[in-house]
Structures are given as C-alpha cells and as structure tokens.
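Numbering-wise (the UniProt record's numbering), the sequence shown opens with residue 1 and increments by one.
Built from N, CA and C at the ideal position, the CB exists for glycine as well.
Quick caveat: nothing in here was measured; it's all calculated off a predicted structure.
Down below is the structure, laid out as structure tokens.
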Amino acid sequence: MSDPLAREDPPELRLDALSKVYPGQREAAVSEVSLTLPGGRMLALLGPSGCGKTTTLRMIAGLVKPTGGRVLLAGDDLTRTPVHRRGMGMVFQSYALFPHLDVARNVAFGLEMRNVGKAERRKRVAEALDLVRLGHLASRRVGQLSGGQQQRVALARAMVVRPALLLLDEPLSNLDAKLREAMRDEIRELQRAARVTTVFVTHDQDEALSMADTVAVMSEGEVAQVGAPEEIYERPATRFVADFIGRANLLTGTVVAQRDGVAEVAVEGCGTLRARADGPVSGEVTVLLRPHRLSLLPAGTAASADADRLSGTVESASYTGGLISYRVRLGDRRVSVEQLTGSGPAWAPGSEIDVTWPVADARVLAA
Ligand code: ATP
C-alpha cells in the first residue's frame with residue numbers, strides 16, 4: 001500500500017451486548033448491542049433521533065462508561081481502557097478545532113499530546129494534510145477556512161495519530177447539501193485508502209447507504225438490523241427498517257396462500273397481491289412495495305406471469321425533475337409510485353390505471 005497512513009492489518013471491532021442506562025433513567029439508552037465490524041471496514045450507526053447512536057459511539061470511544069457489555073478491538077477488551085489509551089481518532093459534529101491556531105498546529109495537536117518529536121511531527125502533519133488535500137493551507141488560521149475545509153482539518157487531525165479506529169459523529173451535518181455529497185465521497189476514499197476501521201453516526205439514510213460497508217439500523221436503543229446497504233434496503237427485517245430506509249409503501253394484510261417463495265396476501269379494501277416471502281409466513285403480515293419498483297399501465301393491459309397488479313386511480317402527480325411521483329388510490333388504500341421522467345406516458349389525475357410490479361420486487365415482512 002503506497003499511502004503512508006495505510007494500515008497493513010487493521011483491527012476488527014466487536015461490540016458484545018453493549019448497554020447503557022444513564023443514571024436516574026429507567027429505560028436503557030442502549031440495550032445489548034452486539035455486532036462485528038471486520039478490520040478496515042466502515043460501519044454506519046443509523047437511526048432516528050434518540051435511538052442511542054451517539055451513546056454507542058461514545059462508549060466505543062471511552063467517553064461514556066457502559067453499564068453492561070464489552071468493546072473489543074482486535075480481540076482485546078478495551079472496556080476499561082481510558083480514552084487516551086484506546087488509539088482512536090475522533091471527529092465531532094462541531095469539529096472542536098482551535099480557531100486561533102493555524103491548520104498545521106491544529107493537526108499537530110494530538111501528536112504534541114503524545115510527545116512526538118518535532119521532525120516526526122512535521123512529517124506526519126504534512127502526510128495528513130496531503131491526505132485531505134490541504135497542504136497549501138497549512139499556515140492559514142482555522143477561523144479563516146470554509147466549512148468543508150474545517151471538516152477536512154478535523155479529519156486530518158483524527159488521522160494524524162494513525163488511529164486504530166476512526167470515529168465520526170454526524171461528520172457532515174454542518175455542511176450544505178452539495179458539499180455534503182462531495183465530502184461523502186472524500187471521506188469514503190480517504191477511509192478506503194487508509195484502511196482504517198471506522199464507525200460513523202448519522203440519521204441520514206442516503207449517507208449511511210452510500211458510505212458504509214455495514215449499516216446498523218437502531219431503534220429505541222436496540223439494533224433492528226445489521227447488514228450491507230443492499231441487504232438492508234432490499235431485505236429489511238422489519239417494518240421499522242423498511243420505513244426508515246428509503247421510501248416505502250407498506251400494506252398490511254393476511255396470508256391466504258404460499259408456494260415457491262411467493263405469498264398471496266389479502267389486503268382489506270384493496271385486493272389480493274403476490275409478493276416474495278423468504279421463509280414460511282402466516283397470519284397478519286406487511287407487504288413492502290418500493291415506489292420506484294411500481295409501474296403504471298393502462299387499465300386492463302395483459303400482465304406477464306412474473307408480475308402482479310392491482311387496479312386503481314391516479315389521484316395526483318408531482319414533477320420533481322428526474323422523477324414523477326404519483327399518488328394512486330387502490331380501493332381504500334393509497335400508494336406512491338415513482339417513474340423516471342420520460343420512461344412512460346404522464347398520467348393525469350383521474351386516470352384509471354393498473355399498478356404493476358415484478359412479484360420478486362415486493363416483499364412480505366414478518367409482523
Ligand atoms: P440524536 O440523533 O438526537 O443525537 P442519538 O440516536 O444519538 O440521538 P443518544 O444521544 O445516544 O441518541 O441518546 C439516547 C437516549 O439516551 C435518549 O433518550 C437520550 O435522551 C438519552 N440520553 C443521552 N445522553 C444522556 C445523559 N447524559 N443522561 C441521560 N440521558 C441521556
């Protein structure tokens with residue numbers, strides 16, 4: 001590996017039933033979180049406000065003391081190791097930089113704390129600034145930098161200590177939408193090049209799906225699902241995960257038949273529809289139909305054998321540039337349908353249509 005900050009053998013992170021009950025609270029902020037992140041990979045802790053993401057990250061960092069469970073890095077139990085001995089680099093939401101010091105001094109801070117000699121310090125600061133492409137601004141005061149540049153200084157400061165583990169707490173939340181997207185790619189590239197095991201916290205599902213190798217979706221202190229981004233999106237384990245990740249039509253109904261991995265589900269006031277079911281399902285279930293996997297056809301068009309359909313009426317259409325979003329009434333229910341602009345006819349409100357989907361693209365979620 002040519003990158004001087006790259007690790008040959010990045011350590012695996014394991015959380016083992018990690019829990020936190022804050023003093024005076026009855027409910028656990030984090031409840032028995034267990035997961036394994038292979039070395040050099042990036043994990044996103046994703047979930048709505050208050051689900052326990054930051055508490056989990058701070059327990060990994062050593063800033064919050066767990067009330068149960070363990071944090072293991074390369075198999076070593078760090079649960080009782082103080083923060084400064086954990087070899088972690090951290091980027092906070094606020095960046096926590098010194099605005100009156102120049103970029104190089106800000107980046108050198110962690111090395112000074114570790115008593116690294118001057119020559120070595122200079123070399124490593126230059127490497128870290130190269131990594132985030134800020135070498136030309138080394139002597140600029142941090143208070144005179146843009147938000148994106150400050151973000152990069154914070155990253156360089158975390159990376160300069162050659163951390164065993166990089167922790168990022170909502171690292172992009174202070175940036176505007178466009179810069180946020182550019183920084184997503186930059187952080188991702190830097191993390192891959194440095195092969196540093198990384199955990200980041202976000203409530204933004206696009207950010208989690210686009211950046212992470214593994215996503216842990218959290219809800220009320222627990223991990224609802226851990227998996228690769230595609231897995232979480234395509235095979236959500238629960239209704240909560242389906243709803244939180246991306247846009248979702250969720251129809252509740254009763255299983256009336258199942259064969260060859262396909263279930264027939266009767267949805268009251270709507271009709272019977274077919275959807276994929278990985279295991280045996282019965283009783284009340286939720287069917288997930290992603291809006292962009294649905295298409296609109298003129299009412300009564302013949303459907304192919306591997307597709308299903310329901311008849312409905314277009315209620316509204318909204319144009320958002322690349323997409324047209326339709327609200328469609330199916331009996332007593334409503335679904336959203338998204339079509340790429342120009343991929344089919346534009347339907348006016350009131351049009352009688354069929355909503356159709358490949359059966360393999362609809363999913364039965366356990367109740
Ligand atoms: P956000 O996205 O809003 O930052 P989060 O998912 O990071 O939320 P946490 O900050 O980990 O969630 O909080 C989890 C729960 O623990 C919340 O109910 C919160 O109110 C509670 N909590 C957090 N810090 C403390 C504390 N110091 N004392 C008591 N309760 C706390």
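- As assigned by DSSP and simplified to three states, the class of methionine 1: Note that methionine 1 scores 38 on pLDDT, short of 50, meaning its location in the model is unreliable; the coordinates nonetheless yield the value given after this. Residue state for methionine 1 is assigned as coil, using DSSP reduced to three classes.
- Query: DSSP three-state call for phenylalanine 98: helix, strand or coil?
  - Reply: The answer is coil: DSSP assigns phenylalanine 98 none of H, G, I, E or B.
- Taking 7 Å as the cut-off, decide whether the C-beta atoms of valine 256 and glutamate 268 are in contact. Not closer than 7 Å, so no.
- Ordered list of alpha helix (DSSP H) runs contained in the stretch 135–220, each at least 4 residues: Taking only runs of at least 4 residues, the alpha helix (DSSP H) segments lying wholly in the stretch 135–220 are 147–159, 177–194, 205–211.
- Quick one: any contact between the stretch 312–321 and the stretch 347–362, if contact means 3 or more CB pairs under 8 Å? Yes, they touch.
- Task: For cysteine 51, collect the residues of the same chain with a Cβ closer than 8 Å to its Cβ; drop the 5 residues on either side in sequence, then sort them by chain order.
- Result: Closer than 8 Å at Cβ, skipping near neighbours: Met218, Ser219, Glu220, Gly221.
- Item | Cβ-based burial, glutamate 170 [other Cβ within 10 Å; buried from 16] | With 16 or more other CB atoms across the displayed protein chains lying within 10 angstroms of its CB, glutamate 170 is buried.
- Roughly how many angstroms lie between the CA atoms of residue 398 and valine 287, to the nearest whole one? Nothing about residue 398 can be reported from this structure: the residues present for the chain run from 1 to 367 only.
- Query: histidine 84 to phenylalanine 109, Cα distance in whole Å?
  - Reply: Across the structure, histidine 84 and phenylalanine 109 are spaced so that their CA atoms are roughly 13 Å apart.
- Contacts around arginine 157, its chain only, beta-carbon distance under 7 Å, and the 5 residues preceding and following it disregarded: The residues are Asn106, Val107, Phe109, Gly110.
- Item | Whole-angstrom distance between leucine 13 and aspartate 77, CA atom to CA atom | Spanning the two alpha carbons is a distance of roughly 10 Å.
- Which one or two residues does DSSP pair with alanine 228 in a beta bridge? Partner(s): none; alanine 228 has no beta bridge.
- Message: For the pair the stretch 243–250 and the stretch 327–345, tell me if three or more CB-CB distances fall below 8 Å.
- Response: Yes, the stretch 243–250 is in contact with the stretch 327–345.
- Task: Under 6 Å Cβ to Cβ from valine 281, same chain only, skipping five residues before and after it: list those, please.
- Result: Cβ within range, chain order: Val255, Ala263, Val364.
- Task: Return the bridge partner residues of aspartate 354 from the DSSP annotation.
- Result: In the DSSP output, where bridge partners are listed per residue, aspartate 354 has Leu297, Ser311.
- Query: Can you tell me where the alpha helix (DSSP H) with threonine 254 in it begins and where it stops?
  - Reply: In the DSSP assignment, threonine 254 falls outside any alpha helix (DSSP H) and lies within the beta strand (DSSP E) extending over 249–259.
- Item | Same chain only: Cβ atoms within 6 Å of glycine 75, ignoring 5 sequence neighbours per side | Counting only Cβ-Cβ distances below 6 Å, and skipping sequence neighbours, we find nothing.
- Item | Of the listed residues Arg309, Pro236, Val199, nearest to proline 38 (C-alpha basis) | The candidate whose alpha carbon is nearest that of proline 38 is Val199.
- Task: Give the range of the alpha helix (DSSP H) segment to which lysine 118 is assigned.
- Result: According to the DSSP assignment, lysine 118 belongs to the alpha helix (DSSP H) that extends over 118–131.
- Query: What residue from Pro291, Leu190, Asp260, Asp354 has the CA that sits closest to glycine 271's CA?
  - Reply: Cα-wise, what sits closest to glycine 271 is Asp354.
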